[in-house]
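There are 2 protein chains.
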Amino acid sequence: MSINPNVAEIAALLGETSRATILMSLMDGRFHTASELAYIAAITPQTASFHLAKLAEGRLVNVEKHGRHRYYQIANGEVARILESLLAISPPPEVRSLKQSDQVQLLRKARTCYDHLAGKLGVELTKSMMNAGYLEKEERIFVVTHKGEQFFMNFGMDLSKLKKERRSFSHACLDWSERHHHLAGALGHGLTTRFFDLGWIERIPSTRAVKVTEKGKAGLKQNFNINF
Amino acid sequence: MSINPNVAEIAALLGETSRATILMSLMDGRFHTASELAYIAAITPQTASFHLAKLAEGRLVNVEKHGRHRYYQIANGEVARILESLLAISPPPEVRSLKQSDQVQLLRKARTCYDHLAGKLGVELTKSMMNAGYLEKEERIFVVTHKGEQFFMNFGMDLSKLKKERRSFSHACLDWSERHHHLAGALGHGLTTRFFDLGWIERIPSTRAVKVTEKGKAGLKQNFNINF
DNA sequence: CGAACATTTAAACTATAATCGAAATATGAA
DNA sequence: TTCATATTTCGATTATAGTTTAAATGTTCG
Chain A
252 MSINPNVAEI
262 AALLGETSRA
272 TILMSLMDGR
282 FHTASELAYI
292 AAITPQTASF
302 HLAKLAEGRL
312 VNVEKHGRHR
322 YYQIANGEVA
332 RILESLLAIS
342 PPPEVRSLKQ
352 SDQVQLLRKA
362 RTCYDHLAGK
372 LGVELTKSMM
382 NAGYLEKEER
392 IFVVTHKGEQ
402 FFMNFGMDLS
412 KLKKERRSFS
422 HACLDWSERH
432 HHLAGALGHG
442 LTTRFFDLGW
452 IERIPSTRAV
462 KVTEKGKAGL
472 KQNFNINF
Chain B
252 MSINPNVAEI
262 AALLGETSRA
272 TILMSLMDGR
282 FHTASELAYI
292 AAITPQTASF
302 HLAKLAEGRL
312 VNVEKHGRHR
322 YYQIANGEVA
332 RILESLLAIS
342 PPPEVRSLKQ
352 SDQVQLLRKA
362 RTCYDHLAGK
372 LGVELTKSMM
382 NAGYLEKEER
392 IFVVTHKGEQ
402 FFMNFGMDLS
412 KLKKERRSFS
422 HACLDWSERH
432 HHLAGALGHG
442 LTTRFFDLGW
452 IERIPSTRAV
462 KVTEKGKAGL
472 KQNFNINF
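If you read the protein sequences in the order shown, they are chains A and B. As numbered in my numbering, residues 252 to 479 make up the first sequence, in order. As numbered in my numbering, residues 252 to 479 make up the second sequence, in order.
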């Protein structure tokens, strides 16, 4: 009877707790093995395998076989974008334990969202770049100004290379914890990569939270006028 | 255990066939009564009431009581945007009957998507405006050129009024049937409204498909160089 | 080769949620 | 008031989908 694309079919894939947890983990943009994801979602490897097969069939994730491992990844930016949008209108995490509360605090402070920075760090950074006149927000995208082009170049980033990527160059992603936009897209990813390369931030194992190093604090102060 | 916003909770609301059908009907941007939606989704009023309560609780729809009717509507543009994104990566409708096939044909030709035009008409229109130099696409938004400002004014639209609306002014929405972007946002809505006012298009009852009138065909040819 | 590990497949169980009939509530009309 | 209509609430049924245990497949490494 339906004369519309089968939205429910895809949405149902996102609408199950274990699968949603898996997808959120994959929102760091990296590859994860099936057993890793099973551990994170607190389910048996069998169940994870079942869910991952469904996600792959629905083209929400990609698989790569390497030896006896299977590496899973968010399929594409379109999928990441939907998850971002959903994050923005979803109820915040319920806090049930002290340990969990700490983890949420860390996430709110600084984390990766798919492949770019989010949380307080992501938002402050974006604001700083707008204040400095490097970026201008137009609707849902950020436009790099001439001043910005220079800045990013001096900061060691190759914009022309980023622009060639087959994806959004620079869009605004709504931050669920800060309720503000932060920089996403190829530019957001490039900046994040540069931060990692410079040793300004480090991943906190088994979570999407990141830690700002001492070096990073100094660098943020000097280059972005941010006290972190 | 979860340290992420409860994405699954919201996604689960979209992941059930009846609810998805209801939301898709509401994607025409207008108010619909509970019984109307029950009829469309082919469920009893009780079941529809149950689903609508859930959708309202999840802030995906708004309710307005008028007399013994309750009028439901998509809650906001953010929700519409998520549905749009989901449409783009969802499997196309399965064709099971001849009558249904006809309906899908009509939808593919011209329909409303939330509050703007989609389908062949929506995409052709958008292309035409880009060719004419009225619009320029930047990432995911359309920018109105100086030439465009003049055109829309001559066409009887008040852009400054549209810009004041608390919503996206003009973004690109991925069309599921045409696999191209069409114009959305306040500008897309304004243009659609103007088309209705001019009598160029008419709603086909109980579907999101629209019909281009003879007057509309002439107008499209003259103003947008489109043969429809 | 054989042992250890990663992952999937199969079969059975269980819990949840969609559904409907029946009844209640609320509004409008006569 | 009384009747008709729109919608919701309640209770019970049913179907589906997530889960687990057990077993199979495939891969690495000594």
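Yeah, the Cβ is synthetic: ideal placement off N, Cα and C, and Gly gets one too. Bear in mind that the values here come from a model prediction, so they are computed numbers and not experimental data.
Worksheet entry | Residues that residue 451 of chain B contacts on chain A, provided the C-beta gap is smaller than 7 Å | Sequence index remark: in the second sequence, residue 451 of chain B carries index 200 (1-based). Here the premise fails: no neighbours, minimum Cβ distance about 23 Å.
Discussion item. Across the stretch 386–401 of chain B and the stretch 441–460 of chain B, are there enough close Cβ pairs to call them in contact, namely three or more that are closer than 8 Å?
Written reply: no
Practice prompt. Starting from residue 362 of chain A, follow its DSSP beta bridges and name the residues at the other end.
Written response: By 1-based counting over the first sequence, the position of residue 362 of chain A is 111. A:369, A:460, per the DSSP bridge assignment.
Worksheet entry | Cut-off 6 Å between Cβ atoms - residues of its own chain near residue 471 of chain A, not counting five sequence neighbours on either side | For the purposes of this step, residue 471 of chain A is identified with residue 220 of the first sequence, where counting begins at 1. Correct list, in chain order: 477, 479.
Worksheet item: Which class does residue 374 of chain A belong to by DSSP, given the choice of helix, strand or coil?
Response: Walking along the first sequence from the start, residue 374 of chain A turns up at place 123. Looking at residue 374 of chain A - three-state DSSP - the assignment turns out to be helix.
Fill in: Contact belief for residue 434 of chain A with residue 377 of chain A at Cβ below 8 Å, rounded distance in angstroms
The residue given as residue 434 of chain A occupies position 183 in the first sequence. The residue given as residue 377 of chain A occupies position 126 in the first sequence. 5 Å between Cβ atoms; contact.
Worksheet item: So which residues of chain B does residue 256 of chain A contact, with C-beta pairs closer than 8 Å?
Response: Counting from one through the first sequence, the residue named residue 256 of chain A turns up at place 5. 338, 341, 342, 343, 344, 427, listed in chain order.
Worksheet item: Can you tell which of B:420, B:254, B:274, B:301 has the C-alpha that lies nearest to the C-alpha of residue 347 of chain A?
Response: In the first sequence, counting from the first residue as 1, residue 347 of chain A sits at position 96. Minimum Cα distance to residue 347 of chain A is reached at B:254.
Worksheet item: Shortest alpha-carbon distance to residue 314 of chain B belongs to which of B:338, B:281, B:354, B:345?
Response: Taking the second sequence and counting its residues from 1, the one referred to as residue 314 of chain B is at position 63. Per the Cα distances, B:281.
Item to complete: Report the residue ranges of all beta strand (DSSP E) runs contained in full by the stretch 422–454 of chain B; include only those spanning at least 3 residues, in chain order.
Response: 423–425, 432–434, 452–454
Practice prompt. Please list the residues of the stretch 257–275 of chain A that have a C-beta atom closer than 9 Å to any C-beta atom in chain B, keeping them in chain order.
Written response: 257, 258, 259, 260, 261, 262, 263, 264, 265, 266, 267, 268, 269, 270, 271, 272, 274, 275
Discussion item. Going by DSSP in three states, residue 475 of chain B sits in which element: helix, strand or coil?
Written reply: Taking the first residue of the second sequence as 1, we reach residue 475 of chain B at position 224. If DSSP states are grouped into helix, strand and coil, residue 475 of chain B belongs with the helices.
Fill in: Nearest-angstrom Cα separation, counted from residue 410 of chain B out to residue 401 of chain B
If you number the second sequence from 1, residue 401 of chain B lands on position 150. If you number the second sequence from 1, residue 410 of chain B lands on position 159. Their Cα atoms are separated by approximately 10 Å.
Fill in: As assigned by DSSP and simplified to three states, the class of residue 465 of chain B
As a first step, residue 465 of chain B is located in the second sequence; it is residue number 214 there, counting from the start. Residue 465 of chain B falls in the helix class under three-state DSSP.
Worksheet item: Is there contact between the stretch 418–426 of chain B and the stretch 327–342 of chain B, where contact requires at least three CB pairs shorter than 8 Å?
Response: yes
Worksheet item: Name the chain A residues whose beta carbon is nearer than 7 Å to that of residue 419 of chain B?
Response: On the second sequence, position 168 is the one that residue 419 of chain B refers to. Within chain A, the residues near residue 419 of chain B are 390, 391.
Worksheet entry | Beta-bridge partners of residue 357 of chain A, as assigned by DSSP | Numbered from its first residue, the first sequence carries residue 357 of chain A at position 106. None, per the DSSP bridge assignment.
Worksheet item: If you compare alpha carbons, which of A:475, A:342, A:412 is closest to residue 428 of chain A?
Response: The residue given as residue 428 of chain A occupies position 177 in the first sequence. The shortest Cα separation from residue 428 of chain A among A:475, A:342, A:412 belongs to A:342.
Worksheet item: Does residue 329 of chain A come within less than 8 Å of chain B when only Cβ atoms are used?
Response: For the purposes of this step, residue 329 of chain A is identified with residue 78 of the first sequence, where counting begins at 1. Judged by the 8 Å Cβ criterion, residue 329 of chain A is in contact with chain B.
Practice prompt. Run the CB neighbour count on residue 448 of chain A, radius 10 Å, all protein chains shown included, and call it buried at 16 or more, exposed below.
Written response: Position 197 of the first sequence, counted from the start, is the residue given in the question as residue 448 of chain A. That one is exposed.
Worksheet item: Of all the alpha helix (DSSP H) runs that stay within the bounds of the stretch 318–350 of chain A, which reach a length of 4 or more residues?
Response: 328–340
Worksheet item: Near residue 468 of chain B, which residues of its chain fall below 6 Å by C-beta distance, leaving aside the five closest residues on each side in sequence?
Response: Counting from one through the second sequence, the residue named residue 468 of chain B turns up at place 217. Excluding positions up to five away in sequence, the list reads 479.
Practice prompt. Determine the extent of the beta strand (DSSP E) in which residue 387 of chain B is found, giving its start and end residues.
Written response: What you label residue 387 of chain B is simply residue 136 of the second sequence in a count that begins at 1. Counting along the chain, the beta strand (DSSP E) containing residue 387 of chain B begins and ends at 386–389.
Practice prompt. Go to residue 273 of chain B, then tell me how far its alpha helix (DSSP H) extends in each direction, as first and last residue.
Written response: In the second sequence, counting from the first residue as 1, residue 273 of chain B sits at position 22. Its alpha helix (DSSP H) spans residues 268–277.
Worksheet entry | Inter-residue spacing [alpha-carbon to alpha-carbon] between residue 414 of chain A and residue 403 of chain B | Reading the first sequence from its first residue, position 163 is the one you call residue 414 of chain A. Reading the second sequence from its first residue, position 152 is the one you call residue 403 of chain B. The straight-line gap from Cα to Cα measures roughly 31 Å.
Discussion item. Please tell me whether residue 461 of chain B has its Cβ less than 8 Å away from any Cβ of chain A.
Written reply: Here residue 461 of chain B refers to the residue found at position 210 when the second sequence is read from its first residue. Output row for residue 461 of chain B: interface = no.
Worksheet item: Name the residues in the stretch 347–378 of chain B whose C-beta lies less than 7 Å from a C-beta of chain A; which are they?
Response: 351, 354, 355, 358
Discussion item. Can you pull the chain B neighbours of residue 306 of chain A, defined as C-beta to C-beta under 8 Å?
Written reply: Residue 306 of chain A sits at position 55 when you count from the first residue of the first sequence. Per Cβ cutoff of 8 Å: no residues; residue 306 of chain A is ~12 Å from chain B at best.
Worksheet entry | Buried/exposed call for residue 417 of chain B, threshold 16 Cβ in 10 Å | Counting from one through the second sequence, the residue named residue 417 of chain B turns up at place 166. Exposed, by the Cβ-count rule.
Practice prompt. Please classify residue 288 of chain B: is it buried, with 16 or more other beta-carbons within 10 angstroms of its beta-carbon, or exposed?
Written response: Stepping through the second sequence from its first residue, residue 288 of chain B is reached at position 37. The residue is buried, with at least 16 neighbouring Cβ atoms inside 10 Å.
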